[in-house]
Amino acid sequence: MRFLTEPGTDATIQNWRDIGSAGAEVWVGRREAYVLTRDRSEILRWSRDTGAWSRIGGPAQTLTVWATPE
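The numbering of the sequence shown is numbering that gives the first Met the number 0, which starts it at 0 and goes up by one.
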């Protein structure tokens, strides 16, 4: 899975960064990505601010993310 390092409209500064493999389900926001692992045992959150994954839940059968409009 890849994430833009500098989102925006200037194509000269946009670079893609590998942040890990996709899982059973994926949700991507402006500053984070959520993954339900392939075996559905964990829900992980990747933060653009820290550049790290953290376990936030699981096990689960499906991934549901509540996002507030920006």
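We put the CB at the ideal spot given by N, CA and C, even for glycine.
Does the separation of the CB atoms of residue i and residue j fall below 7 Å?
{"i": "residue 53", "j": "residue 39", "result": "no"}
{"i": "residue 31", "j": "residue 20", "result": "no"}
Report the partner residues of residue i according to the DSSP bridge assignment.
{"i": "residue 62", "result": "Bridge partners of residue 62: none, in fact."}
{"i": "residue 54", "result": "43"}
{"i": "residue 17", "result": "1"}
Counting C-beta neighbours from all protein chains within 10 Å, is the total for residue i 16 or more, i.e. buried, or is it exposed?
{"i": "residue 42", "result": "buried"}
{"i": "residue 51", "result": "exposed"}
{"i": "residue 3", "result": "exposed"}
{"i": "residue 61", "result": "exposed"}
Mind checking whether the beta-carbon of residue i lies closer than 6 Å to any heavy atom of the ligand ATP?
{"i": "residue 20", "result": "Because no ligand of any kind appears in the structure shown, any question about the ligand ATP cannot be addressed here."}
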